[in-house]
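A quick write-up on the structure given underneath.
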Amino acid sequence: MGVLMNTSQNSKVVLLVQKHCNVICTLAYVAGLIAFAVLASDECNNKTYFSENALLPGLVNRRFDLGRFAKDALESLKEEAKNHASLPLPWLLGQFRQLGLDVFRHNFSLHYPLGSKPTHHGENVYAILRAPRGAGTEAVVLSSPYRMEDNLHGSTLPGIALMVALAKYFRAQGSWAKDIIFLITEHELVGFQAWLDAYHDVHTAPGVIDPGMLQARSGPVQAAINLELHSSRIKRLDLKLVGLNGQLPNLDLFNLVTELCLRESVHTTFHGQVSPYDLPPFEDWVQSFKTMTAMMAAQATGQPNGGHGLFHRYAIQALTLEGHADGVASVSVGFNEVGRVLEGVFSSLNNLLERFHQSFFFYLLPSTRRYISIGLYSPAFALIGLPALLKAGVLFLSLSGDAKSADAASTKETASPWSALPCMTVSHTVGFLLMVAPSYFDHFGHHFHLSSQESVYFGYVAALIVSLLLPLVVGPRKEKERSAHRCAVLLAFSTVVFSLALVNISFATAVTVITIPVLVTAGSTEHW
């Protein structure tokens, strides 16, 4: 904007941009899309590496061999689960107590904010292995949600059985400098959120989640691994990274898990995509592009794709390992191989002297062995978002009357950019009201005997219809007034998406790719 405003020194550039604005915007938009696609090529991204030397994954001895114990525990857990509608508390508490761990129950409540506002109760189980060589000032977490065999998302009983076996194995080791917390949650993400709130003594959802109190704690949690094994024999481990609002763990943690899986011959996938070797260049790019877009699609939703995703808001690096019995691998692996991977991960985490901080927190992954840093994808995004800034600058100059124009008639009407302030104020006010509207829609819908879901749905449909009809009620405006509104909208849009790109590049890219063609061309009388 500053370059465009300095017309005395850059008049030729300004006039060129004004004259060919649509062409420049189109070229920038297409170039940005191409740049994003090219980033998936190995020539345009980087190979992963360890920034934190203290992890030392190659020097960790992995000797876990309690696979038979884990199988027996799984059979016992399956029989016990048949007699319980929720967590088999006696079995879980008994297993951890036999190992000499500090075992506790955690009660929490969920107050549903809509409808009759029912209250749901849940209970988590966690056990703490106190570090023999530590003062309890640091901890790492191994977690798993509790799901029975008939769950739509797949059973996690094999993962819980392996957790018990790992607790037995870790208990016999005397080298731990950090406490290890074994966490089993009920009600999926609600259980994770309640436990994390209680552990850190905060309330992230006041009036909705009552986290209760914890009977015991350890020190600050440095990292967490969420384990979801659906079978005792698996063909692949799917690595899940995406957290709440698109947050990602430190790249070193992902590299650590990938390296140890490779050393134990455990096949890994990322968002369901494989990372094959020795493919022809074009096929390799296609596969990398699929993997990158799969990650961006998951990150753009803003929803965590596993229990690990709620740890990130507490500065805890976490990811999920989901074991599947299907896959392209020719052989399957069992509890021993997966157990050795987890043993290596926790042994490496035990070597850390400080929190993860050296590697990247903002990145995209075209495969499990390559990454795209924020310094590489930011220029591509800037090209996609550039048309909004250029168009806003051109409109601002035409409104201010500083730019020279060949059409003298266009300067007869004048309008201040501030004329868009009332419209923008009303727009943001309506947006805020729609954000807090669900409870009011629900209350209003009950008078017509509608469910909460139907009330909210029809309420937003009605709001959409009203917003579409609003221009007809307001009536036509002068050309300069429309230009002022367009300029304000483009500037507000650019401010939001460029700020959003610093936090969630995938969401910002999705919004920009869809919206830029509409915003730039809307109300324009010239196409080129």
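Reading the sequence shown from the start, the letters are residues 1 to 528 in full-length UniProt numbering.
Ideal Cβ placement from N, Cα and C applies to all residues, glycine included.
Quick one: what's got a C-beta closer than 6 Å to Cys-44's C-beta in the same chain, skipping five residues either side?
The residues are Val-38.
Using C-beta distances below 8 Å, list every residue in its chain close to Thr-258, excluding the 5 sequence neighbours before and after it, in chain order.
Within the same chain, Thr-258 has close Cβ partners Thr-48, Leu-239, Thr-268, Thr-368 and Arg-369.
Short check: CB of Ala-224 to CB of Ile-128, under 7 Å?
In this structure, Ala-224 sits away from Ile-128, with a CB-CB distance that is not shorter than 7 Å.
Closest by C-alpha distance to Thr-509, when choosing among Leu-383, Phe-289 and Phe-69:
That would be Leu-383, whose Cα lies nearest to the Cα of Thr-509.
With a CB to CB cut of under 8 Å and the five nearest residues on each side skipped, what residues in its chain are close to Arg-133?
Cβ-Cβ distances below 8 Å link Arg-133 to Gly-174, Ser-175, Trp-176 and Ala-177 in the same chain, with the five nearest sequence neighbours on each side left out; the list follows chain order.
Run the CB neighbour count on Ile-514, radius 10 Å, all protein chains shown included, and call it buried at 16 or more, exposed below.
Answer is exposed; the Cβ neighbour count stays below 16.
Buried versus exposed, by CB contacts within 10 Å (16 or more), Val-141
Under this definition Val-141 is a buried residue.
First through last residue of the beta strand (DSSP E) which encompasses Tyr-440:
First-last for Tyr-440: 438 to 446, but that is the alpha helix (DSSP H), not the beta strand (DSSP E).
In DSSP terms, what Lys-47 is bridged to:
In DSSP, Lys-47 forms a bridge with Arg-370.
For Phe-441, the nearest candidate out of Ala-294, Pro-113 and Val-496 (CA to CA):
Phe-441 has its Cα closest to that of Pro-113, out of Ala-294, Pro-113 and Val-496.
With H, G and I counted as helix, E and B as strand and the rest as coil, what does DSSP make of Tyr-314?
Reduced to three states, the DSSP call for Tyr-314 is helix.
Within 10 angstroms of its Cβ, does Leu-464 collect 16 or more other Cβ (buried), or is it exposed?
Here Leu-464 is exposed, its C-beta having fewer than 16 other C-beta atoms within 10 Å.
Can you check whether the CB of Pro-88 is closer than 7 Å to the CB of Glu-79?
No, they are not a contact pair.
Distance, Cα to Cα, Gly-334 vs Cys-261?
Distance between the alpha carbons of Gly-334 and Cys-261 is about 13 Å.
If you scan the stretch 337 to 370 from start to end, which runs of the beta strand (DSSP E) of 3 or more residues do you find wholly inside it?
Complete beta strand (DSSP E) runs here, min 3: 363 to 367.
Sequence-distant residues of the same chain with beta carbon closer than 7 Å to Val-202, five excluded per side:
Cβ contact annotation for Val-202 (same chain, cutoff 7 Å, sequence separation greater than five): none.
Rounded C-alpha distance that separates Thr-320 from Phe-108:
Thr-320 and Phe-108: Cα-Cα distance of roughly 23 Å.
For the beta strand (DSSP E) that Thr-185 lies in, which residues bound it at each end?
Thr-185 -> beta strand (DSSP E) spans 179 to 185.
Grab the span of the beta strand (DSSP E) containing Pro-145 for me, first residue to last.
Per DSSP, the unbroken beta strand (DSSP E) holding Pro-145 starts and ends at 139 to 145.
Mind checking Val-13: buried by the 16 CB within 10 Å criterion, or exposed?
Per the 10 Å Cβ criterion, exposed.
How far does the alpha helix (DSSP H) with Tyr-199 in it extend, from its first residue to its last?
Going by DSSP, Tyr-199 is part of the alpha helix (DSSP H) stretching over 188 to 200.
Cut-off 7 Å between Cβ atoms - residues of its own chain near Ala-161, not counting five sequence neighbours on either side:
If we look at Ala-161 and ignore the five residues flanking it on each side, its Cβ neighbours are Ala-70, Ala-73, Leu-74 and Leu-77.
In whole angstroms, what is the alpha-carbon distance linking Ser-439 and Lys-117?
For Ser-439 and Lys-117, the distance between alpha carbons rounds to 11 Å.
At a cut of 8 Å, does the stretch 151 to 161 reach the stretch 226 to 242 through at least three beta carbon pairs?
With the cut-off at 8 Å, the stretch 151 to 161 and the stretch 226 to 242 touch.
Inspect the beta-carbon positions of Val-103 and Leu-110 and report whether they are closer than 7 Å.
No, Cβ-Cβ distance for Val-103 and Leu-110 is not below 7 Å.
Taking the alpha helix (DSSP H) that Asp-326 belongs to, which residues open and close that run?
No alpha helix (DSSP H) holds Asp-326; DSSP gives it neither H nor E.
How big is the Cα-Cα spacing for Ala-205 and Met-213?
Cα to Cα, Ala-205 sits roughly 15 Å from Met-213.
Residues sharing a beta bridge with Val-333, DSSP
Looking at the DSSP assignment, Val-333 forms a beta bridge with Ile-234.
Unbroken alpha helix (DSSP H) run spanning Val-23, endpoints:
Taken as a continuous stretch (DSSP letters only), the alpha helix (DSSP H) holding Val-23 covers 21 to 38.
Can Asn-255 and Gly-306 be called in contact, C-beta distance under 7 Å?
Contact flag unset, no.
Of the residues Leu-183, Asp-278, Leu-389 and Leu-502, which one's Cα is nearest the Cα of Ser-378?
Of Leu-183, Asp-278, Leu-389 and Leu-502, the residue nearest in Cα terms is Leu-502.
Nearest by alpha-carbon distance to Thr-521: which of Leu-16, Tyr-29 and Pro-280 is it?
The shortest Cα separation from Thr-521 among Leu-16, Tyr-29 and Pro-280 belongs to Tyr-29.
Which listed residue (Ala-35, Arg-130, Gln-18 and Asn-53) has its alpha carbon closest to that of Asn-351
Taking only the C-alpha atoms, the option nearest Asn-351 is Asn-53.
What would DSSP say about Val-13, mapped onto helix, strand or coil?
Val-13 falls in the helix class under three-state DSSP.
Go through its chain and collect everything with a Cβ distance to Ala-408's Cβ below 7 Å, but skip five positions before and after it.
With a pLDDT of only 47 at Ala-408, under the threshold of 50, the placement of this residue in the model should not be trusted; the figure read from the coordinates follows. Nothing meets the Cβ criterion.
Quick one, are the C-beta atoms of His-187 and Gly-122 less than 7 Å apart?
The answer is yes: Cβ separation under 7 Å.
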